[in-house]
Amino acid sequence: MDPKKRSTDKAAQEMIGHMAEAGQQNAWDRLEAQSPQCGFGKLGVCCRFCSMGPCRIDPFGEGPQFGVCGADVDTIVARNFLRAVAAGTSAHSDHGRSVAEVFLAAARGEAPDYQFKDTVKLYKVAEELGVETKDRSVNEIAEDIGKIALAEFGKSQGHQLMAQRAPKPRQEIWQKLGITPRAVDREVVEALHRSTMGVDQDYKNIIMHASRTALADGWGGSMLATELQDILFGTPYPGRGEVNLGVLKEDEVNIIVHGHEPILSEMIVAASQDKDLLAEAEKAGAKGINVAGICCTANELLMRHGVPIAGNFLNQELAVATGAVELMAVDVQCVMQGLAEVAKCFHTKLITTADKGKILGVKHVPMEEKTALNTAKELVKIAIENYTSRGQVNIPDGKERVVIGFSHESINYMLGGKYRASYRPLNDNIINGRIRGVAGIVGCTNPKVPQDFTHTTLAKELIKQDVLVLTTGCATIACGKQGLTNPKEALELAGPGLREVCEAVGIPPVLACGSCVDNSRLLVACTEIVREGGLGEDISEIPVAGACLESISEKAIAIGQYFVSSGALVIFGEQFLPVSGSKNVSDYLFGGIEKDLGGRWAVESDPVKAAEMILEHIESKRDALGINVKAERKLYDMADRRALSVE
Ligand code: XCC
Ligand code: SF4
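For the sequence shown, my numbering assigns the number 136 to the initial residue and increments by one for each residue that follows.
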């Protein structure tokens with residue numbers, strides 16, 4: 136297939152071409168081999184939750200309409216949806232739990248390589264969690280935070296503490312519906328229980344629990360991951376960086392870190408700066424050690440340390456195929472098993488580091504908090520030793536400059552300045568209409584659509600219409616690759632109002648806010664907009680929307696559901712939300728749920744149409760707020776005409 140149909144990114148196209156010539160397989164080829172994919176699966180109408188099945192419902196109404204147990208299509212579709220949310224929640228939250236464990240170990244002096252970099256945030260979070268700070272050392276406070284945070288995953292009673300950050304009316308809605316999230320483990324276990332054979336068989340009831348589970352992710356596991364990572368590794372502030380395969384260096388030892396948890400990658404970055412190791416690299420004939428990231432780990436590292444990004448999800452195999460990667464260290468999530476096959480064609484050493492994420496036949500070097508830096512140094516050494524085994528190298532030219540690192544705190548700071556950091560300027564500019572509203576663009580890259588196309592097209596459409604875009608995950612990297620997070624290039628594409636505001640503040644119109652767990656930053660940003668005042672009392676009232684037009688992961692469905700349950704409109708690429716097999720479930724998710732929760736899902740695969748939907752939604756929220764006072768059209772009178780005429 137023509138590489139241009141596979142990716143809109145020139146560097147990726149070049150590598151796809153190389154791989155095809157060399158007869159190496161990648162995700163696009165495997166997708167072709169899988170086609171046509173199962174139509175029942177796409178609609179969400181198959182069930183294999185018990186051994187009377189597998190069962191599937193005939194979508195055309197001619198064949199069976201019930202599983203062996205009698206489950207109807209609504210139950211089956213809703214249960215599949217719930218299980219996707221539960222899986223996504225567990226992924227984000229298990230990441231959060233790992234961070235909490237390292238955090239606690241660091242506080243106790245048992246993880247000597249980790250320190251607390253952002254003590255301002257440490258005090259803030261301590262206060263929110265009710266931890267005493269007076270006359271106590273940083274480590275004492277951190278130990279209490281760590282203990283409380285860890286309990287949020289598995290406590291037997293009470294609700295998620297971070298959910299108290301949400302606007303009050305939002306919390307009341309959750310209370311009324313009985314979906315205030317409890318411990319993460321509890322919600323996930325209950326989700327699995329409810330969806331087993333013979334339990335929850337009322338689709339709305341199932342979806343309500345999907346909300347509660349997802350909220351435990353957004354306002355729990357993910358939010359804790361973000362906050363604890365900020366305290367440990369530093370809250371991101373805007374900085375410059377480079378994105379795309381062209382960041383790999385012909386004359387340096389290239390190490391790629393891929394996955395999600397900065398626990399590993401932070402240490403590899405530290406090890407790559409070690410003087411002895413740099414000297415060893417030089418001895419091996421390399422000019423230096425170049426660490427680059429893929430996927431969300433990349434976002435975490437670029438935001439905090441300016442480490443370059445080699446690409447998003449679909450770039451992982453392409454990066455290895457450059458022949459320039461000495462070592463790729465992976466931890467958890469979004470790591471393709473296909474990497475092992477591609478790595479066999481090159482000198483690249485693929486190494487797994489998380490005990491819960493091994494790949495058969497791939498070397499495993501476990502990363503433990505007590506000895507993290509030493510393990511990282513060991514990995515860097517392996518990379519250096521491997522430098523001389525390189526064969527032919529094909530690094531594409533493409534790379535883009537980006538400005539990245541917009542945490543909710545830094546947005547606050549950028550907008551308001553050091554002495555009056557606040558969201559006031561943003562709210563004012565939304566109210567006066569220079570900025571119409573805010574949209575979140577999140578998600579992955581999926582070989583089913585040309586890489587990066589939907590995210591970037593949507594972003595361009597929105598900024599053109601004066602909508603400020605916040606982005607996370609692989610969508611951020613897509614936008615970065617096309618210059619959309621570079622103020623110089625991107626402001627040219629922005630509408631006049633947005634452009635004026637961004638120029639005054641010195642920010643791009645597309646703000647890169649981090650990794651998948653950092654979608655929690657967007658929840659906080661929405662909450663801050665509400666708190667600042669003038670735009671309603673709840674997230675469901677402010678002119679915001681979210682979109683994920685390209686996704687691969689169940690995590691994206693969990694994220695979508697927590698945004699919907701927090702009051703937002705979420706637009707998904709149609710083929711990535713497998714609920715269309717049930718009219719009732721679709722009607723509820725796309726409509727009825729709004730009455731209950733103030734937010735809803737919508738599906739649209741065309742980014743231009745998705746932009747229109749977002750704009751319509753934003754304008755309707757503006758109308759409801761009464762801030763869309765139309766400028767009165769003034770007819771010219773004689774005096775005006777005289778003033779205009781040039782004599
Ligand atoms: Fe994975 Fe987070 Fe998706 Fe990228 S964006 S493909 S989930 S790495 Ni979150
Ligand atoms: Fe079939 Fe019901 Fe068992 Fe699912 S739970 S596999 S629908 S019998």
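The beta-carbon is built from N, C-alpha and C at its ideal position, and this holds for glycine as well.
If we count the other Cβ atoms within 10 Å of its Cβ and call it buried at 16 or more, is residue i buried or exposed?
i, result
"Met136", "exposed"
"Met187", "exposed"
"Ile530", "buried"
"Val781", "Caution is warranted here: a pLDDT of 44 is assigned to Val781, below 50, making its placement in the model unreliable, and no coordinate value can be reported."
"Ala682", "buried"
"Asn379", "buried"
"Glu638", "exposed"
"Gln527", "exposed"
"Glu197", "exposed"
"Gln364", "buried"
"Ala507", "buried"
"Pro138", "buried"
"Pro631", "exposed"
"Gln408", "exposed"
"Arg555", "exposed"
"Cys173", "exposed"
"Lys303", "exposed"
"Phe288", "buried"
"Leu495", "exposed"
Residues bridged to residue i by DSSP?
i, result
"Ser142", "Gln586"
"Thr487", "Val465, His499"
"Arg375", "Val538"
"Arg191", "Cys181"
How is the alpha helix (DSSP H) around residue i delimited, first residue to last?
i, result
"Val720", "718-722"
"Arg735", "Here Arg735 belongs to no alpha helix (DSSP H); instead the beta strand (DSSP E) covers 735-738."
"Gly681", "Note, Gly681: premise wrong, no alpha helix (DSSP H); beta strand (DSSP E) at 679-683."
"Phe201", "It is not in any alpha helix (DSSP H) - Phe201 carries neither H nor E in the DSSP assignment."
"Thr510", "507-521"
"Asn547", "543-551"
"Gly289", "273-289"
"Asn581", "From DSSP, Asn581 is part of no alpha helix (DSSP H); its letter is neither H nor E."
"Arg165", "162-169"
"Val260", "254-263"
Does DSSP put residue i in a helix, a strand or coil?
i, result
"Met150", "helix"
"Gln704", "The amino acid at residue 704 is misidentified as Gln; the sequence shows Leu. If DSSP states are grouped into helix, strand and coil, Leu704 belongs with the strands."
"Gly649", "coil"
"Arg96", "Coverage of the chain is limited to positions 136 through 782, which leaves residue 96 absent and any answer about it impossible."
"Asn763", "coil"
"Ile444", "strand"
"Gly473", "helix"
"Glu747", "helix"
"Val781", "Confidence in Val781 is poor, its pLDDT being 44 and thus under 50, which makes the residue's placement unreliable; the coordinate value appears in the next sentence. In this structure, Val781 counts as coil in the three-state DSSP scheme."
"Lys690", "helix"
"Tyr558", "coil"
"Lys410", "helix"
"Glu396", "coil"
"Ile211", "helix"
"Gly381", "helix"
"Leu619", "coil"
"Met136", "coil"
"Glu709", "helix"
"Gln295", "coil"
"Arg321", "helix"
"Ala155", "helix"
"His482", "coil"
"Ala419", "coil"
With residue i and residue j assumed to form a contact (beta carbons below 8 Å), what rounded beta-carbon distance in angstroms separates them?
i, j, result
"Pro678", "Ile565", "7 Å"
"His590", "Leu684", "7 Å"
"Gly695", "Ile674", "The pair is not a contact, with the Cβ atoms about 15 Å apart (cut-off 8 Å)."
"Glu387", "Lys418", "Not quite, the Cβ-Cβ distance comes to about 14 Å (not below 8 Å), so this is no contact."
"Lys538", "Ile598", "Checking the sequence, you will find Val at residue 538 rather than Lys. Val538 to Ile598, Cβ: 14 Å. No contact."
"Phe216", "Val714", "6 Å"
I'd like the span of the beta strand (DSSP E) that includes residue i, first residue to last.
i, result
"Thr606", "602-606"
"Asn425", "424-429"
"Ile390", "388-393"
"Val355", "In the sequence on display, residue 355 carries Gly and not Val. Gly355 -> no beta strand (DSSP E), and no H or E assigned at all."
"Ile576", "572-576"
Any heavy atom of ligand 4 inside 6 Å of the beta-carbon of residue i?
i, result
"Gly441", "With respect to small molecules bound, the structure shown includes ligand 1 and ligand 2 and not ligand 4."
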